[in-house]
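A.B. asks: Here it is, the structure in full.
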Amino acid sequence: MRQLILAISGAGGIFLLAGATRNRGWPLADQICVQGAVLCDNPGWVLVTLAALLFVATIQSIAKT
944 MRQLILAISG
954 AGGIFLLAGA
964 TRNRGWPLAD
974 QICVQGAVLC
984 DNPGWVLVTL
994 AALLFVATIQ
1004 SIAKT
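In structure tokens form, the structure reads like this:
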């Protein structure tokens, strides 16, 4: 579960940065936003998913004890 949370955190950061620097001379940001336009326009979706996974991981760790 930790690896999934870290991967989604990284993806969220990448899409936040790409969305903020789109059309400002960064070809990599433009390419990322072409591939994932929905996530560049709404990076909050990634953060909501991350929050939900953190909640589930917290509940799982509480249930194990």
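Counting from 1 along the sequence shown, just add 943 to a position and that's the residue number in our numbering.
All C-beta atoms, glycine included, are put in the ideal place defined by N, C-alpha and C.
Bear in mind that the values here come from a model prediction, so they are computed numbers and not experimental data.
To the nearest angstrom, how far is it from the Cα of isoleucine 1005 to the Cα of phenylalanine 998?
C.D. replies: Cα to Cα, isoleucine 1005 sits roughly 11 Å from phenylalanine 998.
A.B. asks: Here's the rule: buried if 16 or more other CB atoms are within 10 angstroms of the residue's CB, otherwise exposed. What is isoleucine 975?
C.D. replies: buried
A.B. asks: Do alanine 954 and valine 989 have their C-beta atoms within less than 9 Å of each other?
C.D. replies: Their beta carbons are under 9 Å apart, which means alanine 954 touches valine 989 by this criterion.
A.B. asks: So is leucine 971 buried or exposed if we call it buried at 16+ other beta carbons inside 10 Å?
C.D. replies: exposed
A.B. asks: What is the DSSP secondary structure of glycine 979, reduced to helix, strand or coil?
C.D. replies: coil
A.B. asks: Check whether the Cβ atoms of isoleucine 951 and leucine 996 sit closer than 9 Å, and answer yes or no.
C.D. replies: yes
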